Amino acid sequence: MGRDSALQFNFPVDPKKEEKTVSEPTFRTLRSARTILAGAFAAFCLTQFAPALADDDSGQIQSFLSTLKRARLIDLSHTWDKNSPIASVNPTYSFSLQDTHANTLNKFNDGGQLTYASEVMHFSGQHGAPNLDAIGHIGREGKLFGGLDAFASTSNLDGIGTSGTGANLAIDQFPTDLLVNRGILLDVATMIQGDSSPLPADFEITAAHLERAAKRQNVRLKKGDTVFIRTGWGPYFKSNPDLYKGNASPGPSVDGANFLIDHGARVVGDDTLTFEKRPPLVFQPKFQVFPVHMRLIADSGIYIIENLNLEELAQAKAYEFAVVVPPLRILGGTGSALRAFALVPRDD
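In terms of numbering that gives the first Met the number 0, the sequence shown is residues 0 to 347.
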């Protein structure tokens, strides 16, 4: 088999350039290799794939793994604990060890060899830090995306679509081509503030702000992208959770949502609790609650990620990257917790 030229890419590394970009072949290759990404990374990959490398006549696996080894992995997730902010509409978080190494000693009459620990957790695991909203999570006027009956979709409490209506809108049906995707960061906070400080709590992000951020960063949004917006509120998740989950925070307006729709985004996200300005209310042309969620999810079928940690990505000025967002396959789930991360070129 001949060597596929699409696999012969390199992450461009130029420390003199402020913006770092990754070529289109990079994203195509990373997307097609999402199964390998889920199994192993970097040096660990080299060990796991050693037998396959011996038969890798085309060099494709070696090229792919070498590229991964050169990539810098940036974690986009927060750590959950009992103090983590969760939206008031969701269950509170609790965590307790059910089994400890002490109370499982000799449980299997093995002379005290094996011990183990396990826990019990109670929380809305699909809506936390960060989390991905399924398309069936939000309806407008009794309808889900595609005109499906919202009430029928949840008439069976086993989950969205388990009644026979709307199964394709549950989180277990998240498209596999979005697990690894081209990611774009629009750092609105730095553009407005002139430094790394957060946006004011009453700041509404419009289409004009998003367009300016893209031009400032010299990035072009493309159909199918995963687009993240930085407000600078991410650090409050740990440092000031009461402020983070309070009544006011910055976020996109409906106008900003329309910008993302018009540019073909398939997944969007930010570093706040709700991915829209709070309080999430509009009064014209009529009163609406969570209008951005309805516009993006119910009207347009676009996935929303909330509670991202975008600080390291912004500090690296990594505005274009490969992003990995792996939700759990929860049958009928309205969303899923994520361990999201980005792959960007190394500086060294």
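Even glycine gets a Cβ: it sits at the ideal position worked out from N, Cα and C.
As the structure is a computational prediction, the values presented were derived from the model and not from experiment.
Range of the contiguous alpha helix (DSSP H) that encloses residue i
| i | result |
| --- | --- |
| residue 180 | Unbroken run through residue 180 is the beta strand (DSSP E), 179-186; no alpha helix (DSSP H). |
| residue 235 | 235-238 |
| residue 257 | 253-261 |
| residue 312 | 310-314 |
| residue 59 | 59-69 |
| residue 133 | Per DSSP, residue 133 belongs to no alpha helix (DSSP H) and is neither H nor E. |
| residue 107 | Premise fails: residue 107 is in no alpha helix (DSSP H) and is neither H nor E. |
Contacting residues, own chain, Cβ-Cβ under 6 Å from residue i (five flanking each side not counted)
| i | result |
| --- | --- |
| residue 37 | Bear in mind that the predicted position of residue 37 carries a pLDDT of just 38, short of 50, making it too unreliable to give a figure here. |
| residue 35 | Confidence at residue 35 is low in this model, with a pLDDT of 41, below 50, so the placement of that residue is unreliable and no value is reported for it. |
| residue 349 | Residue 349 is absent from the model: the chain starts at 0 and stops at 347. |
| residue 339 | 75, 76, 129, 324 |
| residue 299 | 260 |
| residue 254 | 205, 206 |
| residue 251 | 204, 275, 291 |
| residue 100 | 114, 116 |
| residue 66 | none |
| residue 161 | 155, 331 |
| residue 190 | 212, 215 |
| residue 166 | 160 |
Cross-strand partners of residue i (DSSP beta bridge)
| i | result |
| --- | --- |
| residue 399 | Because the chain is modelled from 0 through 347, residue 399 falls outside the range shown and cannot be assessed. |
| residue 225 | 182, 266 |
| residue 248 | 277 |
| residue 349 | This structure cannot speak to residue 349, because the chain is shown only from 0 to 347. |
| residue 287 | 281 |
| residue 142 | 139, 148 |
Same chain, Cβ closer than 7 Å to residue i, neighbours up to 5 away in sequence not counted
| i | result |
| --- | --- |
| residue 111 | 104, 105 |
| residue 335 | 125, 130, 131, 170, 326, 327, 329 |
| residue 306 | 77, 127, 128, 129, 130, 236, 272 |
| residue 107 | 113 |
| residue 359 | Outside the modelled stretch of the chain, which goes from 0 to 347, sits residue 359, for which no answer is possible. |
| residue 98 | 115, 116, 117 |
| residue 31 | Because residue 31 sits at a pLDDT of 46, beneath the cut-off of 50, its placement in the model cannot be relied upon, and the following sentence gives the value as read from the coordinates. Correct list: empty, nothing qualifies. |
| residue 164 | 147, 148, 151, 152 |
Residue i - containing beta strand (DSSP E), residue span
| i | result |
| --- | --- |
| residue 336 | 334-336 |
| residue 117 | 117-121 |
| residue 93 | 93-98 |
| residue 305 | 302-305 |
Cut-off 8 Å between Cβ atoms - residues of its own chain near residue i, not counting five sequence neighbours on either side
| i | result |
| --- | --- |
| residue 263 | 220, 221, 222, 223, 224 |
| residue 362 | With the chain covering only 0 through 347, there is no way to say anything about residue 362. |
| residue 246 | 277, 278 |
Quick test of the definition: if touching needs 3 or more C-beta pairs under 8 Å, does the segment 306-320 touch the segment 109-121?
no
Three-pair Cβ contact test at 8 Å for the segment 148-160 versus the segment 276-293
no
Across the segment 198-213 and the segment 166-177, are there enough close Cβ pairs to call them in contact, namely three or more that are closer than 8 Å?
no
Decide yes or no for the touch test of the segment 256-267 against the segment 306-313: beta carbon pairs closer than 8 Å, at least 3 of them.
no
At least 3 beta-carbon pairs within less than 8 Å: the segment 76-85 vs the segment 232-246:
yes
Contact between the segment 213-228 and the segment 177-192 (3+ Cβ pairs under 8 Å)
yes
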